[in-house]
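This report refers to the structure that appears directly beneath it.
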Amino acid sequence: MTKWDKRFIQMAKEVAEWSKDPSIKVGAIAVKDRRIIATGYNGFPMGVPDTGLDNRELKYKYTVHAEKNMIYNACRHGVSLIDAAVYVWGLPVCGECWKGLVQVGIKKVVMPDINNIEERWKDSCCFSHKNMKQVGVEVRMYKPCEL
Numbered sequence: 188m189t190k191w192d193k194r195f196i197q198m199a200k201e202v203a204e205w206s207k208d209p210s211i212k213v214g215a216i217a218v219k220d221r222r223i224i225a226t227g228y229n230g231f232p233m234g235v236p237d238t239g240l241d242n243r244e245l246k247y248k249y250t251v252h253a254e255k256n257m258i259y260n261a262c263r264h265g266v267s268l269i270d271a272a273v274y275v276w277g278l279p280v281c282g283e284c285w286k287g288l289v290q291v292g293i294k295k296v297v298m299p300d301i302n303n304i305e306e307r308w309k310d311s312c313c314f315s316h317k318n319m320k321q322v323g324v325e326v327r328m329y330k331p332c333e334l
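In structure tokens, the structure reads:
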């Protein structure tokens, strides 16, 4: 892992701290030419009061994942993500978010190691990992304890 990878993982970690979710904080940043071009964290859509975060069922209905929020923020500001790299902190890319990353042209994803997450998320994250690699996205995994 390069010093730049480590720096950008740390930036994704900082962005994750903006999440108000009390149980898991996920951050994602898109980088092109060593510049951060978009950020996102897990949270409710704009305008939706972030109350009810302690109600898991309600929280899951409202929460926008960090990767999708990053994509939406880029779109909102007219930023192309084609050929960008994405750095994720908190959880690996899930079975829903990988599709969005592929569709906007992400070329590389650096995310937490799938082997170090809770069992309930493994199937979804393994599915996304396999499919991102299959369509040509470079995927690198890291162990947070190694940073």
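Our numbering numbers the first residue of the sequence shown as 188 and each following residue consecutively.
Beta carbons: idealized from backbone N, C-alpha and C, even for Gly.
Exposure of Val275, with buried meaning 16 or more beta-carbon neighbours within 10 Å: The sequence position of residue 275 within the sequence shown is 88, counting from 1. The residue in question, Val275, is buried, as its Cβ has 16 or more Cβ neighbours within 10 Å.
Buried or exposed (CB count within 10 angstroms, at least 16 for buried), Glu306: Taking the first residue of the sequence shown as position 1, residue 306 is located at position 119. Exposed.
Unbroken beta strand (DSSP E) run spanning Trp276, endpoints: Residue 276 sits at position 89 when you count from the first residue of the sequence shown. First-last of the beta strand (DSSP E) with Trp276: Ala272 to Trp276.
Simplified DSSP assignment, three categories, for Val289: Stepping through the sequence shown from its first residue, residue 289 is reached at position 102. Helix.
Ala253 and Val218 closer than 8 Å at C-beta: Locating residue 253 in the sequence shown gives position 66, counting from the first residue. Locating residue 218 in the sequence shown gives position 31, counting from the first residue. Against a cut-off of 8 Å, the Cβ pair of Val218 and Ala253 comes out as no contact.
Proximity of Ile216 and Thr226 at Cβ, strictly below 8 Å: If you number the sequence shown from 1, residue 216 lands on position 29. If you number the sequence shown from 1, residue 226 lands on position 39. Result yes, Cβ atoms of Ile216 and Thr226 sit closer than 8 Å.
Nonlocal neighbours in the same chain, by C-beta distance under 7 Å from Asn260, ignoring five residues either side: On the sequence shown, residue 260 is found 73 positions in, with the first residue counted as 1. Hits under 7 Å: Ala225, Thr226 and Gly227.
Buried versus exposed, by CB contacts within 10 Å (16 or more), Thr250: Looking up residue 250 in the sequence shown gives position 63. Classification for Thr250: buried.
Among Arg243, Gly287, His264 and Val297, the one whose alpha carbon lies nearest that of Lys193: Position 6 of the sequence shown holds residue 193. Checking every option, the nearest Cα to that of Lys193 belongs to Val297.
Distance, Pro236 Cα to Met319 Cα: Numbered from 1 along the sequence shown, position 132 holds the residue referred to as residue 319. Numbered from 1 along the sequence shown, position 49 holds the residue referred to as residue 236. So the alpha carbons of these two residues sit roughly 34 Å apart.
Residues bridged to Met328 (per DSSP): Within the sequence shown, numbered from 1, the residue matching residue 328 stands at position 141. BP columns for Met328 point to Met298.
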